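Heads up, the thing below is written out as structure tokens.
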Amino acid sequence: MLLAPRVLLALVLGLASTAAAFAPPLSPHVRHETRRALPRGWAPVCRAERDSVLPLRIGLAQSNLDALEEYLLDVSHPESPNYGNHWTPAKVAQTFRPSAEAVDTVRAWLADGGVSADRVRLNPSGGWLTANVTVEEAEGLLATEYFVYEHAESGHKQVGCESAYHLPEHVAKHVEIVTPTLHFDAKVKKRSGVKSKLGTPGSGPVTPKTTGKIQTLFNELKNCDEQITPICLRALYDFVYIPLATKKNSIGIVEYTPQAYNPSDLDLFFTNFSSSQVGQRPVMESIDGGTIDVGGGGFDINGESNLDLQYAMSLVGKSQPVTLYQTGDDLEGASFNTLLDALDGSYCLFEGGDDPDQDPSYPDPFGGGYQGPTQCGGITPAHVISTSYSYDEVDLTPAYMQRQCAEYAKLGLMGVTVLYSSGDFGVAANGGLCLDSEGFLDFDGDIFAPSFPGGCPYITSVGATQVNPGAKVTDPESACNQVIFSGGGFSNVFAMPSYQKSAVTNYLTKYPPPFASQGVYNTSGSRAYPDISANGANYAVAVQGEFFLVYGTSASSPVSAAILSAVNDARLAIGKKPIGFINPSIYSSLFKGVFNDITNGSNPGCGTEGFPAQPGWDPVTGLGTPNFPQLLARWLLLP
Ligand SMILES: *[C@@H]1O[C@H](CO)[C@@H](O)[C@H](O)[C@H]1NC(C)=O
Ligand SMILES: *[C@@H]1O[C@H](CO)[C@@H](O)[C@H](O)[C@H]1NC(C)=O
Ligand SMILES: *[C@@H]1O[C@H](CO)[C@@H](O)[C@H](O)[C@H]1NC(C)=O
Ligand SMILES: *[C@@H]1O[C@H](CO)[C@@H](O)[C@H](O)[C@H]1NC(C)=O
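Numbered per UniProt numbering, the sequence shown spans residues 1 to 639.
Printed below as a string of structure tokens:
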């Protein structure tokens, strides 16, 4: 993400244009995307020079996107006759490829705006038109004004337009997103000790938390309230399973460089908790220069990856390989789109990334970074993919999120289960910030700030629970309230999907939250999350030769992934398809009672106690924690 500002600035300051004069477009402009507020820390410093050059990129509207949810439910709703009939990547690419009409309409509009056809290129997947245009041309085309913005803390600059940009009505329906416009490299908070460039999902304060080193390591069921180890999780979720179809089955864990696992820590962990796995490593899929060789270590660098892999690998057991999607190089880093490009070639922009303001480009044009081409496709997605990183919705624009969210639905169409941790700050944003009345993230804000992609209806969002202090492993868990609070709430961008309507309505009508009338969360009927939860407190994790006590939905997601992966194994072993997008199933009446319902605790934030956990689904722990034998039984009944 830092890259884009560098590119833009070079272009804006350095290059003059030979562009033709601007001619006005034909139909009236309508507002296409808006930004309610600049991300925290950014301010305009001056107008961008009129004759400087911008690499304009137009993401074309995909065909059949309005039927996306219908297609997805068709293959993932448990009552659908097509349950499990997942699509091939080719069918996905073909179904959603933008129409020739979209390409022609946008080209004609650009030509009318003085950008002749020879300056415009269509990328190989047919999804993007790009052209180098002057600021003046862009301002005319988009009916906006461009400014140079500067970030107060870091001094980074980037070029973008003010609160909105516009498109002629007849063009707007063929366009999803235009860049560079409103999208900001918003995540500039760099953690100490991390060499990361800015803007990667891992460079925000989104990591598991630790209370420090463990003096005495227990590995006893009677100590699960103080220390979670694999045996505690097996006991909590009744998770004992011997895999049968490990050649067909697959599970992937996503990490963003420079966060990386430390091999000797895996062995230390295995020595204590899964001795047959000493020496075992994840199967490395390096995406765009992804490496674990990051020249340093410590909790900030190894904590997340070590946690995810130690628990995912020990829970699936020795015979099931775990794939590691190590994404982005050590210099430029990566975004969620970098991974999605590698999993689905039809998604990517040919220069790399999908929004050059937010996603890094490869080969790194500044040297020092990964010099290979951006990976477009080529990686077969694992059946279950877990990611323990998240953004705040408010930092991204709706079009950017909608485009990425649709991509998760496409993975669901292909039979992939996509899990994301729901965040560690309860109803607040990362770092505990909340929205103020103007829509800014602020320490004084009191409006809840949902996370992304938690609010995307096509992923499964995983919250955190705890074994209560002093409680037995067989006692009911509560919402996590040690060190972290389970992320949850209501999206400000995505509408509520049909599959969760009755569960969410039940919660809001039977247990209206005390602050229901205070306008602190979105009550317009939007996507509610998380969907499920799993323990997120007191994990024993080996980091740099010692054990640390670790907390976070970061743990809940890979643990859930390991359990769901065992369900896939059982289905694959008898010739059935993987479970794919699970939400329509788990909210259905067929799955009633298969999660351990969490009814105690809440997710504080923004000056409130947060949403209380209640019987049934709640925006703290979702439907509850997995009951493996029950889940397995229900899913074996499905075709
Ligand atoms: C825009 O300019 C850059 C830098 O000169 C060049 O690499 C790129 O190919 C140009 N793009 C198009 C679409 O002409
Ligand atoms: C962990 O492993 C070390 C090395 O084998 C051993 O000394 C220690 O007793 C183990 N601790 C537990 C709780 O298993
Ligand atoms: C509430 O969510 C809906 C999407 O369901 C969105 O359109 C609306 O703008 C949101 N309201 C606010 C105040 O953010
Ligand atoms: C409810 O959760 C709190 C922590 O949030 C815990 O102290 C308390 O014991 C729990 N009560 C029950 C009945 O589980």
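Using N, Cα and C, we set each Cβ at its ideal position, and we do this for glycine too.
Every value quoted in this text rests on a predicted model; they were computed, and no experiment measured them.
Take VAL178 and list the residues in its own chain whose beta-carbon comes closer than 8 Å to its own, dropping the five residues that flank it on each side. For VAL178, the CB contacts under 8 Å within the same chain, skipping 5 residues up- and downstream, are HIS32, GLU33, LEU56, ARG57, ILE58, GLY59, LEU142, TYR165 and LEU167 in chain order.
What is the DSSP secondary structure of ALA93, counted as helix, strand or coil? Note: ALA93 maps to helix in three-state DSSP.
Leaving out five residues before and five after PRO629 in sequence, what residues of the same chain have Cβ atoms less than 8 Å from its Cβ? Hits under 8 Å: ASP238.
Would you mind working out which of MET284, LEU266 and GLU49 sits nearest SER276, comparing C-alpha positions? For the set MET284, LEU266 and GLU49, the Cα lying nearest the Cα of SER276 is the one of LEU266.
To the nearest angstrom, report how far apart GLY622 and VAL106 are at their CA atoms. Taking the Cα positions, GLY622 is about 43 Å away from VAL106.
Taking Cβ to Cβ, would you say PRO457 is nearer than 8 Å to PRO497? A contact, by the Cβ cut-off of 8 Å.
DSSP three-state label for GLY431, please. Note: GLY431 maps to helix in three-state DSSP.
Under the three-state DSSP convention, the category ILE301 falls into: If DSSP states are grouped into helix, strand and coil, ILE301 belongs with the helices.
Residues passing the C-beta test against ligand 4 heavy atoms, cut-off 5 Å: That gives ASN468, SER478, ASN481, ASN600 and GLY601.
To the nearest whole angstrom, what separates the beta carbons of SER319 and PRO243, a pair I think is in contact under 8 Å? Yes, SER319 and PRO243 are in contact; Cβ-Cβ is about 5 Å, under 8 Å.
What is the rounded straight-line gap between the Cα of ASP618 and the Cα of LYS222? Using only the alpha carbons, I get a separation of about 29 Å.
Is LYS209 helix, strand or coil by DSSP? It is a strand residue.
Proximity below 8 Å, CB of ALA479 to CB of SER602: For the 8 Å CB-CB criterion, ALA479 and SER602 form a contact.
If you draw a straight line from the alpha carbon of LEU637 to that of ILE579, how long is it in whole angstroms? A straight-line Cα-Cα distance of about 12 Å links LEU637 and ILE579.
Report yes or no: do three or more beta-carbon pairs, one from the segment 526–536 and one from the segment 480–491, lie closer than 8 Å? With the cut-off at 8 Å, the segment 526–536 and the segment 480–491 touch.
Reference VAL92; option with closest CA among ASN468, LEU72, GLN326 and MET284: Closest in C-alpha terms to VAL92, from the list ASN468, LEU72, GLN326 and MET284, comes LEU72.
Paired residues, beta bridge with ALA528 - DSSP: DSSP lists PHE490 as partners of ALA528.
Regarding ASN132 and ligand 6, is the C-beta to nearest heavy atom distance less than 7 Å? Only ligand 1, ligand 2, ligand 3 and ligand 4 can be found as ligands here, which leaves ligand 6 out of the picture.
Among PHE270, ASP341 and GLU150, nearest to CYS46 - alpha-carbon criterion: Of the listed residues, the one whose Cα sits closest to CYS46 is GLU150.
Per DSSP, which one or two residues make a beta bridge with VAL253? Checking the sequence, you will find Ile at residue 253 rather than Val. Answer by DSSP bridge pairing, in chain order: LEU324 and SER386.
CB of GLY377 within 8 Å of CB of ALA342, strictly: At a Cβ-Cβ threshold of 8 Å, GLY377 and ALA342 count as neighbours.
LYS209, buried or exposed, once every other Cβ within 10 Å from all chains shown has been counted against 16: Counting the other Cβ atoms within 10 Å of the Cβ of LYS209 gives 16 or more, which makes it buried.
Pocket of ligand 2 (residues with CB nearer than 6 Å to any heavy atom), chain order: The set of residues whose C-beta lies within less than 6 Å of a heavy atom of ligand 2 reads, in chain order, LEU217, ASN219, THR271 and ASN272.
Tell me whether the beta-carbon of SER437 lies closer than 8 Å to the beta-carbon of SER388. No.
Does the distance from the C-beta atom of PRO626 to that of ALA312 stay below 8 Å? Their beta carbons are not under 8 Å apart, which means PRO626 does not touch ALA312 by this criterion.
Is GLY426 closer than 8 Å to LEU435 when the C-beta atoms are compared? No, they are not a contact pair.
For TYR511, collect the residues of the same chain with a Cβ closer than 6 Å to its Cβ; drop the 5 residues on either side in sequence, then sort them by chain order. Result list for TYR511: GLN614, in chain order.
Can you have a look at GLN262 and say buried or exposed, based on whether 16 or more other CB atoms are within 10 angstroms of its CB? Per the sequence shown, the amino acid found at residue 262 is Asn instead of Gln. ASN262 counts as buried, since no fewer than 16 other beta carbons sit within 10 angstroms of its beta carbon.
Short of 7 Å in beta carbon distance, which residues of its chain neighbour GLY423, apart from the five on each side in sequence? Order them along the chain. Short of 7 Å from the beta carbon of GLY423, and not among the five residues preceding or following it, lie these beta carbons of its own chain, in chain order: SER390, ASN430, SER451, GLY454, GLY487 and THR553.
Taking the C-alpha atoms as reference points, what is the distance between SER76 and VAL567? CA-to-CA, the gap between SER76 and VAL567 works out to about 15 Å.
Could you tell me whether the Cβ atoms of HIS174 and ALA100 are closer together than 8 Å? For HIS174 and ALA100, no; Cβs fall outside 8 Å.
LYS510 - containing beta strand (DSSP E), residue span: Looking at the DSSP string, LYS510 is not in any beta strand (DSSP E); the run it does join, the alpha helix (DSSP H), is 501–510.
At the 8 Å Cβ level, is SER557 part of the contact set with chain D, yes or no? Within the model displayed, chain D is absent; a lone protein chain is all it includes.
If you follow the beta strand (DSSP E) that HIS29 is in, where does it begin and where does it stop? Counting along the chain, the beta strand (DSSP E) containing HIS29 begins and ends at 29–34.
Buried or exposed: where does ASN306 fall if 16 or more other Cβ atoms within 10 Å of its Cβ makes it buried? Residue environment: ASN306 is assigned as buried (16 or more neighbouring CB atoms within 10 Å of its CB, all protein chains considered).
Assign LYS410 to one of two classes, buried (16 or more other C-beta atoms within 10 Å of its C-beta) or exposed (fewer than that). Buried, by the Cβ-count rule.
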